[in-house]
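So in the numbering used here, the last one in the sequence shown is 417, and the numbering has no gaps at all. Below is one structure, written out as structure tokens; comments come after it.
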Amino acid sequence: MSELTLRPASECKYDCVSLGEIMLRLDPGEGRVRTTRQFQAWEGGGEYNVTRGLRRCFGLNTAVVTAFADNEVGRLVEDFILQGGVDTSWVQWKEYDGIGRTVRNGLNFTERGFGIRGAVGVPDRGNTAASQLKAGDVDWEKLFGEEGTRWFHTGGIYAALSDSTAEVVIEAVKAAKKHGTIVSFDLNYRPSLWKSIGGLAKAQEVNREIAKYVDVMIGNEEDFTACLGFEVEGVDENISEIDVGAFEKMITQAVKEFPNFKVTATTLRGVKTATVNDWSAIVWCDGKFHRSREYPGLEIMDRVGGGDSFASGLIYGFLSDAGADAAVNYGAAHGALAMTTPGDTSMVTVKEVEKIMGGGGARVVR
């Protein structure tokens, strides 16, 4: 059993709610952004992908807090969200000026990569509706107090979009804690996002403030060192060379400074090529580390969203009171399967996840 104290499902409308920006992903498939003549459209966003996975794969009740410019692109993304079954009641719509001078919707041009050619992302998300949300715009008392949610998930990507989104995240996590909602946060450090709003120093200032209210902290070794300022010898940004023992020392240091962390988690990815990775995960909970089953030589179709699908599997494990060992394995298996299909989000079922957790193979199913 974990140290997490979950609100009863009977008193909550939602199992999980996420806060973040959702972009229209434009995918050139096997080609490249610079030469393609067509794109396949998907929706995606680091925080949203988690609640979408919890709804579509694991069958839980979820919602997303975000904002869109009210035009055809925003309504297209809304339609994708509705297809995924995520509640859109908390989406805010901003008046569109006809040109995007004052507000717009985010686009994300993303190549999957192949072999020695790595995946490439070209986000176009300046001045978006979600980045303009500010403290006071969302009625957190109604969401967490009146309607109720068992789990709240957000992350460092949304916190880095603007000065005001950092304030929204801090306001949200404080309100969640007030009402006994479990808070998870994916550090997801992106230097490009922080560059124009204060750089590394600002990233650490914001993330260390948010960390005070987090129960479940998710991130890789770069996230913990860059966002929270922890440095441990032996932890290298090349995850394929990571000294897991050194990483465990860093987590031990983190939970000592932030005793509110009840769970910390990360994926362990050894990048051989863009399409072949070693994949597993590790979770700290109840004072000890739990390792997932390993997936060596995992063949990947589209790596985008693999970490988010890990997070949704992890959260499902804890929400279902299955314990840390099961949670890390739900996460690792779900993340692995999500990377075998295109798009940011999962296309698998909980039965498929549990089959892989149990050592099931890839023989044809008839």
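No residue lacks a Cβ here, since even glycine has one placed at the ideal position from N, Cα and C.
Considering only Gly-199, Gly-382, Ser-371 and Thr-86, the residue with the shortest C-alpha distance to Thr-315 is Gly-382. Non-local C-beta neighbours of Val-334 in its own chain, meaning closer than 6 Å and more than five positions away in sequence, comprise Ala-316, His-341, Ala-375 and Val-379, ordered along the chain. Ile-167 sits in coil when the DSSP states are folded into three classes, being neither helix nor strand.
Counting only runs of 3+ residues, the beta strand (DSSP E) found wholly inside the region 198–281 occupies 200–206, 233–237 and 267–269, in chain order. Rounded to whole angstroms, the gap between the alpha carbons of Leu-194 and Arg-85 is 43 Å.
Across the set Gly-364, Trp-93 and Thr-396, the C-alpha of Gly-364 shows the shortest separation from the C-alpha of Ile-407.
As the crow flies, the alpha-carbon of Leu-349 is around 10 Å from that of Lys-323.
Of all alpha-carbon atoms in Val-401, Tyr-99, Asp-78 and Gly-82, the one lying nearest the alpha-carbon of Gln-91 is that of Asp-78.
With distances taken between CA atoms, Gly-80 lies nearest to Thr-161 out of Glu-405, Thr-161 and Arg-414.
About 4 Å separates the CB atoms of Met-74 and Gly-157; that is less than 8 Å, so the two are in contact. Around the beta carbon of Asp-353, 16 or more other beta carbons lie within 10 angstroms, which makes this residue buried. Inclusion of Ala-262 and Asn-311 in the CB contact set at 9 Å is warranted, their separation being smaller than that value. With respect to the C-alpha of Val-173, the residue from Glu-299, Val-355, Met-398 and Gly-412 having the closest C-alpha is Val-355.
For the pair Asp-138 and Ala-227, the Cα-to-Cα distance works out to about 18 Å. Taking a C-beta distance under 9 Å as the contact criterion, Gly-280 and Leu-238 do not qualify as a contact pair.
Here Ser-331 is bridged, per DSSP, to Leu-319. DSSP, read as helix, strand or coil, puts Ser-363 in helix.
The criterion of a C-beta distance shorter than 9 Å is satisfied by Thr-102 and His-204. In this structure, the beta-carbon distance from Lys-313 to Leu-55 falls below 9 Å. The beta-carbon distance between Tyr-240 and Asp-214, rounded to whole angstroms, is 18 Å. This is too long to meet the 8 Å contact definition.
Within its own chain, the residues whose Cβ lies closer than 6 Å to the Cβ of Asn-178, once the five positions on either side in sequence are excluded, are Arg-155, listed in chain order. Along the region 118–175, the alpha helix (DSSP H) occurs as fully enclosed runs of 4 or more residues at 123–134, listed in sequence order. Taken through DSSP and simplified to helix, strand or coil, Gln-304 comes out as helix.
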